[in-house]
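**Student:** Here it is, the structure, as structure tokens.
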Amino acid sequence: MSPGSRSCWWVCWFLLSPVLLSRALELEELFQFGEEAGDLQLPPGSDSTVELPLNRSVLFFSEESSRVHINTNGFVALAKPPAQQEYLGKMPSGFKMIAALLGDLDNSDGHGKVYYRQDSSPDVLNQAAGHIRRAFPSDEGVEPTNALIVTWESMAAWGTSGRGDGLDAKRNTFQLALVSMESSSYAILLYPRDGLQFFSTSVEGESKLLEAGFSEGIVSGWFWNTQQGTYFRTTTDDEISIRELTKKTNSARNGVWVYEIGATPIFIGIAPGMVTRSPEDNDATVPPTSSITYETFTSKTTEAAPEEKEEFPTVFPSEYHLRYPEAENVTPQHNISGTEEPENEEPDQEYTESETVAPTSTNTERVHSRYPDPPETRYPDETKTRYPIPETSQPRYTNPEPSQPRYSPFAPRYPNPDPVEPRYTNPKPVEPVPPHSRPQHPQIVVIDEDEDLNVNVFAYNLETCANNRHKCSAFADCRDYSQGYCCHCRPGFYGNGRDCVAEGKPQRMNGKVNGRVFVGNSPSAVEFGNNDLHSYVVANDGRAYVAISNINGTAGPSLQPLSSLGGVIGWAFALEQPGYQNGFSLTGGVFSRQAEVIFQPGNERLSIKQHFKGIDEHDHLVVSTELEGRLPAIPLGYSVQINPYKEIYQYDRNLITSSSNRDYVITSPDGDVQTRNYQWRQTITFQSCPHGETSRPAQSTQQLSVDQIFVMFDADNNLIRYAMSNKIGSVHSGPPEQNPCFTGRHGCDINAVCRPGEDLQFSCECVTGFAGDGHYCHDVDECQGGVQVCGQNAVCRNQPGSFSCECSAGFVFASDGKTCIAENRPVDHCQRGSHDCDVPQRALCSYTGGSDYVCSCLPGFTGDGRACRDVDECQQDRCHRDASCSNTQGSYICRCSPGFHGDGFQCSPSGKPSTLDHRPANQPTGLIRMGGSCCRFQ
């Protein structure tokens with residue numbers, strides 16, 4: 006009988022037993038497995054693999070897979086794995102792998118089994134959904150559609166079977182469930198009590214610890230190279246981290262670990278569950294953060310981008326980012342029609358980004374400082390291209406629900422900002438309409454005013470720093486103004502105050518590209534569906550690199566002239582000339598961009614729509630891009646060179662426009678050259694703080710100078726690549742600043758800022774959080790400086806260039822975003838056993854919600870529930886007059902006297918047997934009364 010197919014009596018006994026109060030997962034709590042569950046078996050061996058097509062694709066990192074490979078060695082791969090000598094003891098792997106517990110495992114002795122099946126039954130999906138909801142309690146819409154269940158049962162370490170030294174008796178049992186939903190996938194790892202009996206295996210003659218985690222494998226890197234992708238480890242090189250797999254959790258049940266492993270349209274990184282204590286644990290502690298780590302590895306191919314000094318992608322745990330908690334918000338009821346009436350708008354909600362959680366198993370509070378997303382603009386139904394006229398009224402400082410613009414490849418449209426009043430605070434919650442409310446009839450009320458009445462009304466102003474300091478960046482100061490407050494980045498940082506980054510710090514951007522593009526005269530459009538876009542900016546010299554993946558050979562060559570697809574990133578982090586500001590200094594990385602490209606001589610038109618959503622918990626800028634229109638055809642194999650250009654940016658409050666003419670040269674494989682050009686026009690909208698004196702840029706007109714432009718379509722890897730250098734400065738002609746700080750030719754470390762001096766003098770200064778001479782900078786560990794940087798009941802976590810404070814287990818951030826106070830959560834004392842009711846044999850504890858409960862005595866006992874005493878039913882003459890009564894705890898027994906026969910409640914002389922029973926006269930009979938019920942005694 007397999008553990009997953011126990012009979013009903015076993016399940017009932019389990020549910021009623023005290024085992025629910027244990028600290029570890031029982032074998033019977035795994036997903037059902039075995040032949041009775043419909044499982045298939047992997048062939049026995051030490052390195053067996055089976056390929057399994059999936060009923061529903063699984064999302065892993067940023068890719069989707071329709072088949073998996075299940076292996077004896079404790080993992081599931083998204084590609085065919087090589088021989089075990091290629092990866093055992095050599096992690097991370099070069100292929101996509103989900104390692105439930107990786108090691109050199111063996112089941113060739115016939116004792117161990119590897120079971121697997123796909124299951125979409127309601128019972129399995131409900132069980133999976135329960136684990137996910139407990140791990141991510143704030144997530145909504147958890148509706149699994151398919152689950153792959155893989156169980157490694159009684160697996161031995163290779164080479165130990167039959168040795169007779171005791172190691173052959175040690176077996177490991179664990180389980181992996183890959184759960185697919187509409188737009189995300191989860192891995193549920195289950196390690197039952199006593200399921201892990203050995204913690205290492207022999208690999209090439211050396212003892213290697215087992216390990217668990219998620220490997221992205223080899224991924225396409227930047228500019229002609231490939232590199233090792235992210236390796237998210239859930240165990241460390243310490244054996245205790247493996248032992249704790251059965252004793253701790255991130256999903257409110259010890260031994261159960263839940264991770265979001267993929268999502269669409271945007272996936273930032275592996276997200277572990279957030280609940281690190283099981284409700285039944287009274288003395289559980291938070292697992293050490295070292296139990297889960299991100300690792301980034303060097304490229305296997307060393308063709309790097311020009312002057313590129315960092316690997317891609319570099320993923321840092323998001324607990325490294327100091328954030329203050331957002332104020333509590335209400336859920337708005339948005340107007341979803343094509344137009345919006347300002348007077349009917351409902352307040353917006355600022356959402357914290359919890360679907361991408363820090364890779365840590367600690368129980369921490371995490372919050373993100375964010376401006377509300379800018380409104381998606383609407384476009385009028387006019388065929389004539391025009392630019393919006395700024396309204397005289399001030400913009401809102403909140404995020405209205407966007408209307409969805411429709412695109413035409415031939416008729417570009419531009420936004421008109423809505424004339425709405427600014428608001429810099431969260432509005433009051435919207436009161437719901439009571440159900441079944443009666444209709445209100447209009448009434449006219451006449452009020453006689455007393456002209457002599459003089460009433461002074463005092464109004465509280467909630468738009469102050471005292472109430473909103475937590476909305477500013479950790480590297481910003483809050484300042485009060487007459488009409489509200491504003492956030493301002495501190496010296497050494499730049500941004501809009503809500504998001505601030507260190508001067509000179511390299512920046513990264515991730516996003517997706519969607520849309521439909523026609524190429525040449527083709528009647529069929531090329532579809533873009535969640536194509537990955539990645540960018541890297543060397544901020545201290547203004548160089549930007551952009552790559553878009555999964556581009557086919559039809560659209561790829563024709564996309565080469567569109568360097569401005571990534572040029573907006575160059576504008577955002579352009580090298581600033583004295584007195585001028587780049588895009589991030591104004592917007593903080595939260596803005597919308599609408600651009601139109603008109604190609605000559607064919608008059609092809611392309612619309613580009615981009616939404617920049619600010620910096621996520623991994624310190625990456627997030628962007629979504631939509632393309633719609635037509636491109637002139639460029640054949641495969643043709644190269645494109647874009648000449649340097651200058652672009653004039655016009656600034657108004659919350660509105661930026663620009664236009665330029667750009668030439669590009671197409672060269673055929675035979676060396677034929679032709680020059681073409683296109684017109685570029687764009688509008689950028691964003692939300693600034695309306696109260697401060699810096700709500701508009703210092704210069705109303707600025708010029709972006711772009712040179713060293715590189716474009717290429719990499720047909721082998723289906724990548725389009727762009728690179729460029731960007732400077733923002735004056736539109737006036739004249740010799741440019743020659744100081745190396747303004748030309749980018751300074752040689753400072755990428756984690757340093759260049760400080761200009763007189764003439765050509767300059768100095769390099771490491772950015773905040775780094776130390777060194779400026780030409781070489783290393784991270785400063787603020788947590789080891791001997792200074793208490795975090796408050797009581799808080800833990801300091803170092804990160805490159807910064808640190809974060811996290812509340813210890815059982816504590817949460819107070820309203821100031823810094824102080825940790827004891828967490829006041831409702832406790833089910835009945836389940837925990839911390840109530841003061843009498844013993845279960847005499848009383849019942851009933852949970853009534855919150856932390857409340859009531860105690861009541863069981864039938865047969867009397868008292869207040871906290872002290873119950875037995876009721877002596879024999880004093881109530883409940884038995885027959887010819888019977889004796891015996892009192893018991895909570896009950897009593899009636900027995901007919903010798904010479905009588907019956908049930909104790911009705912007794913007859915032995916000569917006249919009762920119709921209830923016929924027994925010899927010398928055999929007493931009776932009934933046992935137990936709290937109002939009875940059963941026959943014999």
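Numbers given in the numbering used here equal positions in the sequence shown, counted from 1, plus 5.
For each residue, glycine too, the CB sits at the ideal point set by N, CA and C.
What you are looking at is a predicted structure, and each value in this text was computed from that prediction instead of being measured.
1. Per the DSSP calculation, V576 is bridged to which residue(s)?
2. Suppose you measure from the CA of C879 to the CA of D869; what does that come to, to the nearest Å?
3. Excluding the 5 residues preceding and the 5 following Q46 in the sequence, name in chain order all residues of the same chain whose CB lies nearer than 7 Å to its CB.
4. Which runs of the beta strand (DSSP E) fall wholly inside the segment 716-746 and span at least 3 residues, in chain order?
5. For the alpha helix (DSSP H) holding N473, just list the boundary residues, first then last.
6. Quick one: any contact between the segment 597-615 and the segment 546-556, if contact means 3 or more CB pairs under 8 Å?
7. Could you tell me if K618 is buried or exposed, where buried requires 16 or more neighbouring beta carbons within 10 angstroms of its beta carbon?
8. According to the neighbour-count rule (16 or more other Cβ atoms, all chains shown, within 10 Å of its Cβ), is E2 buried or exposed?
9. Check whether the segment 61-81 and the segment 101-108 touch, using three or more Cβ-Cβ pairs below 8 Å as the test.
10. Taking the C-alpha atoms as reference points, what is the distance between Q409 and T690?
11. How many whole angstroms separate the CB atoms of N731 and A549, which I take to be in contact at a CB cut-off of 8 Å?
12. Does the segment 512-523 come into contact with the segment 668-682, if we say contact requires no fewer than three beta-carbon pairs (one atom in each stretch) closer than 8 Å?
13. Per DSSP, what are the beta-bridge partners of T231 in this structure?
14. What is the rounded straight-line gap between the Cα of D908 and the Cα of L250?
15. Drop a sphere of 10 angstroms on the beta-carbon of R139, count the other beta-carbons inside from all chains shown, and report buried for 16 or more, exposed for fewer.
16. What span of residues does the alpha helix (DSSP H) with C835 cover, start to end?
17. DSSP state of T592, grouped into three classes?
18. If you measure between the beta carbons of A133 and I193, is that distance less than 8 Å?
19. Pop quiz: F179 and L153 are said to be a contact at Cβ under 8 Å. What is the actual Cβ separation, rounded to whole angstroms?
20. Contact criterion: CB-CB distance below 8 Å. Does T54 meet it with respect to chain D?
21. Tell me, which residues are paired with V184 by DSSP?
22. Compute the Euclidean distance between the alpha carbons of N658 and N519, then round it to the nearest angstrom.
23. List the whole-angstrom C-beta distance separating G779 from C769, where the pair is believed to meet the contact cut-off of C-beta under 8 Å.
24. Taking F718 as the reference, which of R726, L580 and V711 has the closest Cα?
25. Hey, S256 and V280: beta-carbon distance below 8 Å or not?
26. Tell me, to the nearest whole angstrom, how far the beta carbon of L591 is from that of D546; I am working on the premise that it is less than 8 Å.
27. If you drop the 5 nearest sequence neighbours on each side, which residues of the same chain put their C-beta closer than 6 Å to that of F498?
28. Taking the CB atoms as reference points, tell me whether P511 and V543 lie closer together than 8 Å.
29. Could you give the first and the last residue of the continuous alpha helix (DSSP H) run that contains Q132?
30. Going straight from the alpha carbon of W576 to that of Q232, what length do you get?
31. Kindly indicate the opening and closing residues of the alpha helix (DSSP H) around E770.
32. Express the C-alpha separation of T469 and S190 in angstroms, rounding to a whole number.
33. Excluding sequence positions up to five away, which residues of its chain have a Cβ less than 7 Å from the Cβ of P49?
34. Among F767, V736, Q707 and A819, which one has its Cα closest to the Cα of F747?
35. Is the distance from the Cβ of G222 to the Cβ of G146 below 8 Å?
36. For C788, which three-state DSSP category applies?
**Tutor:** The structure says:
1. Here the sequence assigns Trp to residue 576, which means Val is not the residue at that position. Here W576 is not bridged, per DSSP, to any residue.
2. Those two C-alpha atoms are separated by around 22 Å.
3. K118, V119 and Y120
4. For the segment 716-746, whole beta strand (DSSP E) runs of length 3 or above, ordered along the chain, are 724-734.
5. C470 to N473
6. The count of Cβ pairs closer than 8 Å, one atom from the segment 597-615 and one from the segment 546-556, stays below three, leaving the stretches out of contact.
7. buried
8. Here the chain covers residues 6 to 943 and nothing more, so residue 2 does not appear.
9. yes
10. Low confidence applies here, because Q409 scores a pLDDT of 38, under 50, leaving its location unreliable; read the following figure in that light. So the alpha carbons of these two residues sit roughly 16 Å apart.
11. Distance from N731 to A549 at the Cβ level is roughly 6 Å; contact confirmed, criterion being Cβ atoms closer than 8 Å.
12. no
13. S225
14. 57 Å
15. Residue burial annotation: R139 is buried, with at least 16 other C-beta atoms found within 10 angstroms of its C-beta.
16. H834 to R837
17. helix
18. In this structure, I193 lies closer than 8 Å to A133 by Cβ.
19. With 8 Å as the limit, F179 and L153 do not qualify as a contact, their Cβ atoms being about 15 Å apart.
20. In the structure shown, chain D cannot be found, because there is only a single protein chain.
21. For V184, which the question treats as bridged, DSSP gives the partners A152 and Y191.
22. According to the sequence provided, residue 658 is Arg. The question's Asn does not apply to it. Whole-angstrom Cα-Cα distance: 30 Å.
23. Right, their Cβ atoms sit about 3 Å apart.
24. R726
25. yes
26. Between D546 and L591 the Cβ distance is about 20 Å, and since that is not below 8 Å, they are no contact.
27. F480, C505 and A507
28. yes
29. Segment P127 to A140, the alpha helix (DSSP H) holding Q132.
30. Those two C-alpha atoms are separated by around 28 Å.
31. Premise fails: E770 lies in the beta strand (DSSP E), F767 to C771, not in any alpha helix (DSSP H).
32. 42 Å
33. If you ignore the 5 residues before and after P49, its C-beta comes within less than 7 Å of the C-beta of N112, S113 and G115, all in its own chain and listed in chain order.
34. The shortest C-alpha to C-alpha distance from F747 to any of F767, V736, Q707 and A819 is the one to F767.
35. no
36. helix
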